[in-house]
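Here is the structure we will look at.
Residue numbers (the numbering used here): 1 to 237.
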């Protein structure tokens, strides 16, 4: 059974952040009962007044090492602890999800996005500007899935994506190539720069697709030079 680590800011507004974490854990647990979700905020609660910050952080990082992936939520970019967790997740090549919607896109496929006849592609943008794409037999079904993938956001009418109908997942390389041809971009797994179709076609230093992730020309060069293997996910933009 896979274990996923929920990274969320805590220091500065402890009561509110603990409440938000609880709600996120409840949502994830209800949507994905086949996985285990771990919240360091809950796990370290009995010790938060007994140990100093650095000790607690070192212990939560040990918990992360025993996880299969990390889900970054809230204003994680502004949190020292979340940044440390993100850096370790990259170093360990763990699965990285930037918010609940991104996690739903990656692992919702395993749950209920199976291949089936008559499914059409639909999408909407989440609060971060990323495209959330699902395949459904009707607009109502698509709306339900998109609302579940974007918790806490105002419901929106799904938008059809006809050219994507032949595909069954936005994680397929063939889909991603086609998406780029239609103007979509993917974030580099290393530096987060947006990669376009021109980057893929560029001669001499093309963007690289490896283990489900896109790398911009500069990071692809470093990847080859250092001989490192990555397994983080690109993010559709």
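Each residue gets a CB set at the ideal place from its N, CA and C atoms; glycine is no exception.
If you draw a straight line from the alpha carbon of residue 132 to that of residue 152, how long is it in whole angstroms? The sequence position of residue 132 within the chain shown is 132, counting from 1. The sequence position of residue 152 within the chain shown is 152, counting from 1. Spanning the two alpha carbons is a distance of roughly 15 Å.
Paired residues, beta bridge with residue 37 - DSSP: Counted from its first residue, the chain shown places residue 37 at position 37. The partner list for residue 37 (beta bridge, DSSP) reads 4.
Is there a C-beta anywhere in chain D that falls below 8 Å from the one on residue 79? Looking at the structure shown, chain D is missing, and only one protein chain is on hand.
Do residue 74 and residue 154 have their C-beta atoms within less than 8 Å of each other? Within the chain shown, the letter at position 74 stands for residue 74. Within the chain shown, the letter at position 154 stands for residue 154. Against a cut-off of 8 Å, the Cβ pair of residue 154 and residue 74 comes out as no contact.
State whether the region 117-127 contacts the region 161-176, with contact taken as three or more CB pairs (one from each stretch) at a distance under 8 Å. yes
Between the region 18-27 and the region 83-95, do at least 3 Cβ pairs fall closer than 8 Å? no
Just the Cα atoms here: how many angstroms apart are residue 102 and residue 91? In the chain shown, the residue the question calls residue 102 occupies position 102. In the chain shown, the residue the question calls residue 91 occupies position 91. Rounded to the nearest angstrom, the two C-alpha atoms are 20 Å apart.
Can you check whether the CB of residue 13 is closer than 8 Å to the CB of residue 41? Translated into the one-based positions of the chain shown, residue 41 becomes position 41. Translated into the one-based positions of the chain shown, residue 13 becomes position 13. It is not a contact, given that the beta carbons lie outside the stated cut-off.
Within 10 Å of its beta-carbon, does residue 180 have 16 or more other beta-carbons around it, so buried, or fewer, so exposed? For this step, residue 180 is matched to residue 180 along the chain shown. Classification of residue 180: buried, given that the 10 Å Cβ count is 16 or more.
Would you identify the three-state DSSP class for residue 215, choosing helix, strand or coil? Position 215 of the chain shown, counted from the start, is the residue given in the question as residue 215. Looking at residue 215 - three-state DSSP - the assignment turns out to be strand.
Please list the terminal residues of the continuous beta strand (DSSP E) segment that includes residue 136. Working through the chain shown from its first residue, we reach residue 136 at position 136. Its beta strand (DSSP E) spans residues 131-136.
Cα separation between residue 65 and residue 182? The residue you call residue 65 lines up with position 65 of the chain shown. The residue you call residue 182 lines up with position 182 of the chain shown. The straight-line gap from Cα to Cα measures roughly 38 Å.
Going by DSSP in three states, residue 190 sits in which element: helix, strand or coil? The residue labelled residue 190 in the question sits at position 190 within the chain shown. Here residue 190 sits in coil by DSSP.
I'd like to know whether the C-beta atoms of residue 167 and residue 71 end up nearer to each other than 8 Å. For the purposes of this step, residue 167 is taken as residue 167 along the chain shown, with counting starting at 1. For the purposes of this step, residue 71 is taken as residue 71 along the chain shown, with counting starting at 1. Cβ atoms of residue 167 and residue 71: not closer than 8 Å.
Using a Cβ-Cβ cutoff of less than 8 Å, which residues in the same chain neighbour residue 61 once the five nearest sequence positions on both sides are dropped? Translated into positions along the chain shown, residue 61 becomes position 61. 84, 85, 88.
Apart from the five residues just before and just after residue 176, which ones in its own chain have a Cβ nearer than 6 Å to its Cβ? Indexing the chain shown from 1 puts residue 176 at position 176. Hits under 6 Å: none found.
Would you list the one or two residues that DSSP bridges to residue 95? As a working note, residue 95 is residue 95 in the chain shown. For residue 95, which the question treats as bridged, DSSP gives the partners 69.
How is residue 75 classed by DSSP in three states: helix, strand or coil? What you label residue 75 is simply residue 75 of the chain shown in a count that begins at 1. Reduced to three states, the DSSP call for residue 75 is coil.
Distance, residue 45 Cα to residue 15 Cα: The sequence position of residue 15 within the chain shown is 15, counting from 1. The sequence position of residue 45 within the chain shown is 45, counting from 1. Spanning the two alpha carbons is a distance of roughly 12 Å.
Any chance the CB of residue 77 is under 7 Å from a heavy atom of the ligand ADP? What this structure holds is no ligand at all, so the ligand ADP is not there to describe.
Is the separation between the beta-carbon of residue 215 and that of residue 190 shorter than 8 Å? Counting from 1 along the chain shown, the entry for residue 215 is found at position 215. Counting from 1 along the chain shown, the entry for residue 190 is found at position 190. Yes, the pair counts as a contact, with Cβ atoms nearer than the cut-off.
If I measure Cβ to Cβ from residue 2 and keep anything under 6 Å in the same chain, skipping five residues before and after, which residues do I get? In the chain shown, counting from the first residue as 1, residue 2 sits at position 2. Answer for residue 2: 35, 68, listed in chain order.
Determine the closest residue to residue 30 out of 225, 77, 104, with distance taken between C-alpha atoms. Your numbering for residue 30 matches position 30 in the chain shown. Closest by alpha carbon: 104.
Using CA atoms only, rank isn't needed, just tell me which of 37, 38, 80 is closest to residue 57. Locating residue 57 in the chain shown gives position 57, where the first residue counts as 1. It is 80 whose Cα lies nearest to the Cα of residue 57.
What's the call for residue 77, buried or exposed, on a 16-neighbour Cβ count within 10 Å? Your numbering for residue 77 matches position 77 in the chain shown. Exposed is the call here.
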